[in-house]
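Below is one structure, written out as structure tokens; comments come after it.
Numbering (the numbering used here), first residue to last: 5 to 207.
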């Protein structure tokens, strides 16, 4: 993605009120998930900087759900930050039904008959101590890359993008390009003052 375009977008939304800034941030960051190209996207809202995003999130999160109808699950809450997983229900369930993923997740306590909410609750429980490696499966990362990362081979990554790529870089680059296009659409739509609710239909 064009860094200058992203920079201009960030400067533009910096003039928004707190509520609209939060929504624009979610639409941009989670665009691949909203467009149904990615099962979920993790956003951590902090109180760092002039925008106290964590406080803003706590004020407007229910409004955002009602207005945008985006599913989300809070994985970790603290005074100064909240880790929120925005997800697509159908895609997430498909990921968790995949036999290869199920076999991998079983070693961390997940079971094939668990509901999506039960899986998210277990993920939240494990996230309490530190970010669990299996979150990569929930985020739609290839299992082989998740395993490679877990093995401590971060320095051997071929590509650093939406995830650390160790295998099949051509496939990963195509996915990254697709994700970038979703975000570019959001930038263009918000720049053209399209209503937030309408952006969901156009990504």
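Backbone N, C-alpha and C fix where the C-beta goes; we use that ideal spot for every residue, glycine too.
Need the endpoints of the alpha helix (DSSP H) that residue i sits in, please.
i	result
residue 188	173-195
residue 33	22-33
residue 61	57-72
residue 140	139-142
residue 121	120-131
residue 150	147-154
residue 17	7-17
residue 207	Segment: none, residue 207 is in no alpha helix (DSSP H) and carries neither H nor E.
residue 162	Counting along the chain, residue 162 falls outside any alpha helix (DSSP H), and DSSP gives it neither H nor E.
residue 107	103-109
Thinking just about the alpha-carbon of each residue, which of the options is nearest to the one in residue i?
i	options	result
residue 191	108, 34, 69, 116	34
residue 99	145, 71, 89	145
residue 22	44, 12, 206, 49	49
residue 11	198, 197, 207, 187	187
residue 129	74, 101, 78	78
residue 124	179, 97, 72, 108	97
residue 197	134, 52, 28	28
residue 88	140, 58, 151	58
residue 154	163, 138, 142	138
residue 150	109, 118, 114	109
residue 39	183, 55, 56, 82	183
Starting from residue i, trace the beta strand (DSSP E) both ways and give me its first and last residue.
i	result
residue 88	85-91
Residues bridged to residue i by DSSP?
i	result
residue 50	85
residue 80	87
residue 75	91
residue 45	90
residue 169	163
Below 8 Å on the Cβ atoms is my guess for residue i versus residue j; work out the distance and round it to an integer in Å.
i	j	result
residue 92	residue 136	Rounded, the Cβ-Cβ distance is 21 Å, inconsistent with contact.
residue 165	residue 180	5 Å
residue 32	residue 90	Not really, about 12 Å apart at Cβ, beyond 8 Å.
residue 1	residue 37	Because residue 1 is not part of the residues shown, which for the chain are 5 to 207, the question remains open.
residue 194	residue 207	11 Å between Cβ atoms; not a contact.
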